[in-house]
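Chains as they are written, first to last, in my numbering: chain C, 6 to 389; chain S, 6 to 389; chain P, 6 to 389; chain W, 6 to 389.
Protein chains: 4
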Amino acid sequence: VSALQDTRPDDRPGIGFGLLGYGFMGKAHSNALRTIPYIFWPGVARPALVAISGRTEASVAEAATRYGFARWSTDWQDVVDDDEVDVFDCVGPDDTHAPSVMAAIRAGKHVVCEKPLAPTAEEAVELARAADAAGVKHLTCFNYRFMPAVQLAHQIIANGEIGEIHQARFRYSQEWRTDPDGALPSPVGALNIIGVHAIDQARLLVGEIENVSALITSPVTTESRMAGDQPAERIDTAAMVVGFAGGVAGTIDCSLVSPGRKNQLAWEINGSKGSVAWDLEDLNVLRIHRRGGTDTEGFTKVIVNESSHRLAAPWWPSAHILGWEHGHINMLAHFLEAVATDSPVGPYAATFHDGARASQVVAAAMRSADEGVRVDVPALEGGD
Amino acid sequence: VSALQDTRPDDRPGIGFGLLGYGFMGKAHSNALRTIPYIFWPGVARPALVAISGRTEASVAEAATRYGFARWSTDWQDVVDDDEVDVFDCVGPDDTHAPSVMAAIRAGKHVVCEKPLAPTAEEAVELARAADAAGVKHLTCFNYRFMPAVQLAHQIIANGEIGEIHQARFRYSQEWRTDPDGALPSPVGALNIIGVHAIDQARLLVGEIENVSALITSPVTTESRMAGDQPAERIDTAAMVVGFAGGVAGTIDCSLVSPGRKNQLAWEINGSKGSVAWDLEDLNVLRIHRRGGTDTEGFTKVIVNESSHRLAAPWWPSAHILGWEHGHINMLAHFLEAVATDSPVGPYAATFHDGARASQVVAAAMRSADEGVRVDVPALEGGD
Amino acid sequence: VSALQDTRPDDRPGIGFGLLGYGFMGKAHSNALRTIPYIFWPGVARPALVAISGRTEASVAEAATRYGFARWSTDWQDVVDDDEVDVFDCVGPDDTHAPSVMAAIRAGKHVVCEKPLAPTAEEAVELARAADAAGVKHLTCFNYRFMPAVQLAHQIIANGEIGEIHQARFRYSQEWRTDPDGALPSPVGALNIIGVHAIDQARLLVGEIENVSALITSPVTTESRMAGDQPAERIDTAAMVVGFAGGVAGTIDCSLVSPGRKNQLAWEINGSKGSVAWDLEDLNVLRIHRRGGTDTEGFTKVIVNESSHRLAAPWWPSAHILGWEHGHINMLAHFLEAVATDSPVGPYAATFHDGARASQVVAAAMRSADEGVRVDVPALEGGD
Amino acid sequence: VSALQDTRPDDRPGIGFGLLGYGFMGKAHSNALRTIPYIFWPGVARPALVAISGRTEASVAEAATRYGFARWSTDWQDVVDDDEVDVFDCVGPDDTHAPSVMAAIRAGKHVVCEKPLAPTAEEAVELARAADAAGVKHLTCFNYRFMPAVQLAHQIIANGEIGEIHQARFRYSQEWRTDPDGALPSPVGALNIIGVHAIDQARLLVGEIENVSALITSPVTTESRMAGDQPAERIDTAAMVVGFAGGVAGTIDCSLVSPGRKNQLAWEINGSKGSVAWDLEDLNVLRIHRRGGTDTEGFTKVIVNESSHRLAAPWWPSAHILGWEHGHINMLAHFLEAVATDSPVGPYAATFHDGARASQVVAAAMRSADEGVRVDVPALEGGD
């Protein structure tokens, strides 16, 4: 006779998630929500996939079936209003971010929002203030903060292992806008689509950005090619010199017209005792140099996939490397725990303050490029 | 009023999976079964997680809840006997492979088995013959065949793009057995735990291995350190020269005592028109050289994550790189489709013939090391 | 009986060289002058090592013996006045450049000068004008222009192979000033000692620099630590955004306080049809990407040491790679030929115009850092 | 009035060199002899370029002028007989090695010989015995021993820094024989032209090779294509498993038909405490891993160009990297000093014993390939 037993159900509390968006980012977030339950085990809670919304009925209905959301709607307001939704997660087109997230905040939902938080710095700051005022938890999806190698770098810097920072350089380069005759898969310009990630990494790892000097170019993307009227949408490249709090200087550049660079978010940070360097195209690797006065010094290539590495530990054995989507999974697992245990979002995670700050740096860069002067980034009130 | 609609259920046919094992490989297979439904969309079927078995009651019960299997047992025979199980997937300890898989074959189940198929070549061959005779579909888990970069290499070679193969070298190096005082996390020796992967890649990419000359060493793992009595378990390193069908020669080496090499399955294949090279520690990258008589030739670093790349296509956009577990997901998705549509397993996938062949090469290497002669690998009867 | 024949002497005309300086750069130039005769064979002329000068009698006398100069003096004026000196080659300390080279120009000598041409942009411009007016040939020692990989990049860009340039980034990082307690081997600041090389590469490969926005820092080098009173000497790092003629934007940064970066002059240039990238620490390699719409694109690692590569051809067979000093040898061989055949210096070689321009960019960067505005670099009168 | 002083001549004793050969290797050796005097300063002696011989009168006469040899002849016997020749340096075609070097030994000259020492192991052993018996100093030109990175690796291993050696792999791959229709620039087969270098590196770094199992292929080079009748000349690839003294196993492979590999002599050695790896195409870099139980371990990329590195010290500052020819310069400087001070050749340098041993390993590999058995390499009598 068979001794097969019926399985005890997963009785961890469910945190209800409602999504706006079912495209590339909807897939990444849904994948995260479905993976968290068994990777972050035993954990304190599990995500419940409650509802998803999107503009096109057939597509959103299919996405609901595909990813396992219980309900769907073509109106994000329905998701905001759904009582079982604890977290409103906005991964829709950029112009849906501000209105839907503001409505969710007003409905008392915890909020997750893809970058950029809003098309303008003013709206982004307003969202951050509203979320703070409402007392809800908030997360800007700077997913690259949740790569194990980035977290190791953050920890090394925070521990003083590379000493005082001397100089830093950040870049984010992609190539998909290079062809002037090609279809434009996204209208979002270089600063808002990728530049904010580089800005956020700079803020996370080096410190607050106080001023910016920039040049912006649009060698490929003409006005006529763009559907919208946002100048930011036409930006193909931006090159910035930034001044950090404490007097450190560095460069940040981003480009959507760099052939051969598929997805290169890369940086190097030099300090008085050592250096760290990273590249998203080889995301499991952190290169570390420690000054030591020996004749066998150099950059060490560390594969950040050991059980001793935060955020690698829940996954696979040594050097069974992680992929791009693991950033989102790790990030949403963190937010899930913050909601379930009413603990703070951060310090690794980016809140809406960080999203707003990135937008302010973008705004300062655009003004600097326009006016030919170094532009101070205003202090963020009530910032963390 | 809310326009929220209830989601239409996923009505694709379910193919029932029963697992033996809940450790590292159980996690990798369960992750695959849970990910396939929404990544391989719309697909022709979905895996149903029917039952899981393992030795320790508390652990297997927990794994059932964690991964969402409907039932569990401490006896694999219960899983084999479960009527809803279409596919028996053996990811348990090596000594469970042969008996449980043979029972499943006899019960008419399709079978998946982690490597090595069996502790001896004879048993592995017997499994392959039995599976053929029973008319069930069979898969040996050589998951690295399902890395997009490996498939691109296979396709390039098959298309004749690097011409006739001249020489090849394969290695698989890890470091975890280096410490003679450390606990031994696995008793499996270098040839069976990692060497078979290198052997399988060689067979996939270059061709059938006809003879082997080998040296085998155990600098760290003494007899007393091993629980079992299998000589293969003591193997720390193996170095082989192999002769391929058609007269190509190459080297294959494996080692569990190579400090700094966390998980380096790496190869390079040189042909009359070009070369290809790959390294599992940087698994998304294929390096390709094409002879062309220009002064700007060299190895091109191709990030194999474009929508035009087979097996990268279902995933993320350009250069949003994949991790180690995607091999298993892609592999089990292939087997699921083969079962659901009654189509052949392969040619990319490894059947039990491939598993048996790898074991035969291991056996030949052990004999060559012992006897000091080049050893022919016997032809596999009824091989594909 | 022996058939040994007496060797026919090398009867190529000798071009007399007089050096100021016998340190690191004196060694590099002397090595070049002694190597050119048999590497650039048959060639049109050979360097004659006529005279060398330097401050310390014992040292300069020893250097004369060591390198084979016929005469020596502790006074550079003696070298300038020596009738057999056709070329005055100034490789002494920075403060000797302007007075000695100006004297040589007035004496009608052809002139070679290490970078920076002069401590201020004004003096550098004055030297360029004087050399033009005197009709002598002039060379600024931007030796990295003469690396085979850099020349290949220049040729690829000039041929339009990467199309219109979209963005570029240049860096030059070293580490030797990091230790605040260490001896300061050179008082020259980051912009003048290494930044000018990065600026020159940018001008060579992308085009004229029209404006600069910069931040400059001195985290390690305090005023008290410096012997001199030049603000430029205290610069540890400089970060710049530069606008090129034609509207291209890019970044240039330099640092003497970047641990682990021994001698990293590195750049990447993205164009509408492809990209090129180079790093002095791996100087024989040029990385080239060409857009082509295939699924096997990526950066190709080209070892620029084939007989088909300009400046590699006189040396060794395929991939028998060159070292750092070969830039100087190739550069002085070019100048020797220009003098011997009365042909123009350039277009690959840097004249005094290029040296002056680099100094003007440095001056603009220092003003931008000071004033917080984007600074236009003035047009160079009579420039080439 | 001018204070120009006449330079004191270089009064170090001259050691007379006589060359056979003026091609690629003649150029490399001549370059070394002309560079040593001022790089190895003050040194104990200087090379005197006495005589050069070669088959073609016009060419050897031109080479004498080009490189500055005092005399020349078309008969190497004249060079051997020249009283001012202290060192006979044979860099001619392979078939000239044994007879000319044996004559030089008999004439009491110190001898330098390019690899392979002789076409057969027997002749090579005979040369080694004769040189020992004559009491002359002898050097086989395994120039890669004199790369700073190789010497650092040797020192690290000798110091026990990577512990007991566990496994090692060596390869030497070039591509120039790939084209079956191309002219064959050299008749020398893969084992003798490049394999001996890999064998020598293995012996230097790991230890004596005691046995070999090999496969040899000639996919491109048919019998009819070869001028000579030496089977070794037709070898395009060789793959070997080698057993080292002490029980370590490893692989050595070489190939002249590996597209994209221009000059890749590469190895990795794993020990109980760490690993080292090197590649001639990036010859200044040694990759070192040290086991340490930390979470920031990995291979460190060390640019071996510091003043603290033996053989880098005489050259340029930090990371002003060296090229291929520096191996020859460093090697001949060592031999010059050994001759001038009557001190032993080695331990870093390869004597004729090492050259003979490499030929014995080649012979054993050819026999193993032929007979299908593991072949012991005979002990070298009177070996060092």
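Glycine included, C-beta positions come from ideal geometry on N, C-alpha and C.
Determine whether the beta carbon atoms of F93(P) and K114(P) lie at a separation below 8 Å.
Locating residue 93(P) in the third sequence gives position 88, counting from the first residue. Locating residue 114(P) in the third sequence gives position 109, counting from the first residue. The answer is yes: Cβ separation under 8 Å.
Does the pairing of the stretch 202-209 of chain W with the stretch 305-312 of chain W give three or more beta-carbon distances under 8 Å?
no
Could you give the first and the last residue of the continuous beta strand (DSSP E) run that contains W321(W)?
Residue 321(W) sits at position 316 when you count from the first residue of the fourth sequence. Counting along the chain, W321(W) falls outside any beta strand (DSSP E), and DSSP gives it neither H nor E.
Would you check if the distance between the CB atom of S191(P) and the CB atom of I199(P) is smaller than 8 Å?
Residue numbering aside, residue 191(P) sits at position 186 when the third sequence is read from its first letter. Residue numbering aside, residue 199(P) sits at position 194 when the third sequence is read from its first letter. Not closer than 8 Å, so no.
Go ahead and pull the three-state DSSP assignment for R292(C).
The residue labelled residue 292(C) in the question sits at position 287 within the first sequence. Three-state DSSP puts R292(C) in a strand.
Report the neighbours of K306(P) on chain S: residues whose CB is nearer than 9 Å to its CB, in chain order.
By one-based count along the third sequence, residue 306(P) stands at place 301. Near K306(P) (Cβ distances below 9 Å), the residues of chain S are R292, G303, F304, T305, K306.
Determine whether the beta carbon atoms of V246(W) and A219(S) lie at a separation below 8 Å.
One-based indexing of the fourth sequence puts residue 246(W) at position 241. One-based indexing of the second sequence puts residue 219(S) at position 214. A contact, by the Cβ cut-off of 8 Å.
Using the C-alpha atoms, what's the distance from T227(C) back to L189(C)?
Residue numbering aside, residue 189(C) sits at position 184 when the first sequence is read from its first letter. Residue numbering aside, residue 227(C) sits at position 222 when the first sequence is read from its first letter. Each residue's alpha carbon lies about 12 Å from the other.
In its own chain, which residues sit with a C-beta less than 6 Å from the C-beta of R315(S), not counting the 5 before and 5 after it?
As a first step, residue 315(S) must be located in the second sequence, where it is residue number 310. Q156.
For the beta strand (DSSP E) containing K306(W), name the first residue and the last one.
For this step, residue 306(W) is matched to residue 301 along the fourth sequence. K306(W) -> beta strand (DSSP E) spans 304-308.
To the nearest angstrom, how far is the alpha carbon of D389(W) from that of C259(W)?
Against the fourth sequence, residue 389(W) aligns to sequence position 384. Against the fourth sequence, residue 259(W) aligns to sequence position 254. Only weak support exists for where D389(W) lies, its pLDDT of 43 falling under 50; the value from the coordinates is given anyway. Taking the straight line joining both Cα atoms gives about 26 Å.
CB contact check: P14(W) to chain P, cutoff 8 Å:
Looking up residue 14(W) in the fourth sequence gives position 9. For P14(W), the answer is yes, since a Cβ of chain P falls inside 8 Å of its Cβ.
Residue(s) in a DSSP beta bridge with L144(W)
In the fourth sequence, the residue the question calls residue 144(W) occupies position 139. L144(W) pairs with V117(W).
Taking Cβ to Cβ, would you say G303(W) is nearer than 8 Å to G265(S)?
Residue numbering aside, residue 303(W) sits at position 298 when the fourth sequence is read from its first letter. Residue numbering aside, residue 265(S) sits at position 260 when the second sequence is read from its first letter. Contact: yes.
Inspect the CB distances between the stretch 331-341 of chain C and the stretch 135-149 of chain C and report whether three or more fall short of 8 Å.
yes
At the level of alpha carbons, what is the spacing between C118(C) and V106(C)?
Residue numbering aside, residue 118(C) sits at position 113 when the first sequence is read from its first letter. Residue numbering aside, residue 106(C) sits at position 101 when the first sequence is read from its first letter. Near 7 Å, if we compare the C-alpha coordinates of V106(C) and C118(C).
Please report the Cβ distance between A324(W) and N268(P), rounded to the nearest whole angstrom; I am assuming they are in contact, meaning their Cβ atoms lie under 8 Å.
In the fourth sequence, counting from the first residue as 1, residue 324(W) sits at position 319. In the third sequence, counting from the first residue as 1, residue 268(P) sits at position 263. About 4 Å; that satisfies the 8 Å criterion.
How close, in whole Å, do the beta carbons of K278(C) and R292(C) come, if the pair is a contact with beta carbons under 8 Å?
Here residue 278(C) refers to the residue found at position 273 of the first sequence. Here residue 292(C) refers to the residue found at position 287 of the first sequence. Not confirmed; about 15 Å, so no contact.
V65(S) versus R51(S), T301(S), W81(S), residue with shortest Cα-Cα distance
Locating residue 65(S) in the second sequence gives position 60, counting from the first residue. Comparing Cα positions, the closest option is W81(S).
For a contact meaning CB atoms closer than 8 Å, what does S78(C) contact in chain S?
Within the first sequence, numbered from 1, the residue matching residue 78(C) stands at position 73. Near S78(C) (Cβ distances below 8 Å), the residues of chain S are S7, A8, L9, Q10.
Is H171(C) near D241(P), with beta carbons less than 8 Å apart?
Numbered from 1 along the first sequence, position 166 holds the residue referred to as residue 171(C). Numbered from 1 along the third sequence, position 236 holds the residue referred to as residue 241(P). Their beta carbons are under 8 Å apart, which means H171(C) touches D241(P) by this criterion.
Backbone CA spacing between I44(W) and T356(P) [nearest angstrom]:
Position 39 of the fourth sequence, counting from 1, holds the residue named residue 44(W). Position 351 of the third sequence, counting from 1, holds the residue named residue 356(P). If you take the alpha carbons of I44(W) and T356(P), they lie about 29 Å apart.
Write down the C-beta distance between D83(P) and L9(W) rounded to the nearest angstrom, noting that I regard them as a contact closer than 8 Å.
Counting from 1 along the third sequence, the entry for residue 83(P) is found at position 78. Counting from 1 along the fourth sequence, the entry for residue 9(W) is found at position 4. Confirmed, Cβ separation roughly 5 Å.
Counting only beta-carbon separations shorter than 8 Å, does E342(W) have a partner in chain C?
By 1-based counting over the fourth sequence, the position of residue 342(W) is 337. No, E342(W) does not count as interfacial toward chain C.
Cutoff 8 Å: G328(C) Cβ touching any chain S Cβ
Looking up residue 328(C) in the first sequence gives position 323. With 8 Å as the cut-off, G328(C) counts as an interface residue toward chain S.
If we define contact as Cβ-Cβ less than 8 Å, is C325(C) a contact residue for chain S?
Position 320 of the first sequence, counting from 1, holds the residue named residue 325(C). In the sequence under discussion, the amino acid at residue 325(C) is His, which differs from the Cys named in the question. Yes, H325(C) lies at the interface with chain S (some Cβ there is under 8 Å from its Cβ).
I'd like to know whether the C-beta atoms of A139(S) and L132(S) end up nearer to each other than 8 Å.
The sequence position of residue 139(S) within the second sequence is 134, counting from 1. The sequence position of residue 132(S) within the second sequence is 127, counting from 1. The answer is no: Cβ separation not under 8 Å.
For E311(P), return the contacting residues in chain S, with the cut-off set at a CB-CB distance below 7 Å.
As a working note, residue 311(P) is residue 306 in the third sequence. Here the neighbours are D300.
Going along chain C, which residues have a C-beta under 9 Å from H314(W)?
By 1-based counting over the fourth sequence, the position of residue 314(W) is 309. Residues of chain C passing the Cβ test: D300.
How would you label V367(W), buried or exposed, when you count the other beta carbons within 10 angstroms and need 16 or more for buried?
By 1-based counting over the fourth sequence, the position of residue 367(W) is 362. With 16 or more other Cβ atoms within 10 Å, it is buried.
Determine, for W283(P), whether the minimum Cβ-Cβ distance to residues of chain W falls below 8 Å.
Along the third sequence, one-based indexing puts residue 283(P) at 278. Chain W contact via Cβ: absent.
What's the C-alpha gap between R39(W) and E238(P)?
Position 34 of the fourth sequence holds residue 39(W). Position 233 of the third sequence holds residue 238(P). Using only the alpha carbons, I get a separation of about 38 Å.
Spell out whether any CB of chain P is found under 8 Å from the CB atom of G200(C).
For the purposes of this step, residue 200(C) is taken as residue 195 along the first sequence, with counting starting at 1. Not closer than 8 Å to any Cβ of chain P, the Cβ of G200(C) fails to qualify, so no.
Strictly under 8 Å for the Cβ-Cβ distance: is S35(P) near chain C by that measure?
Here residue 35(P) refers to the residue found at position 30 when the third sequence is read from its first residue. Answer no: the Cβ-Cβ gap between S35(P) and chain C never drops below 8 Å.
Contact list for the stretch 29-53 of chain C against chain S, Cβ threshold 9 Å
F29, K32, A33, S35, N36, R39, T40, P42, Y43, I44, W46, P47
Counting only beta-carbon atoms, is Y72(C) nearer than 8 Å to chain S?
Translated into positions along the first sequence, residue 72(C) becomes position 67. It does; some Cβ of chain S falls within 8 Å.
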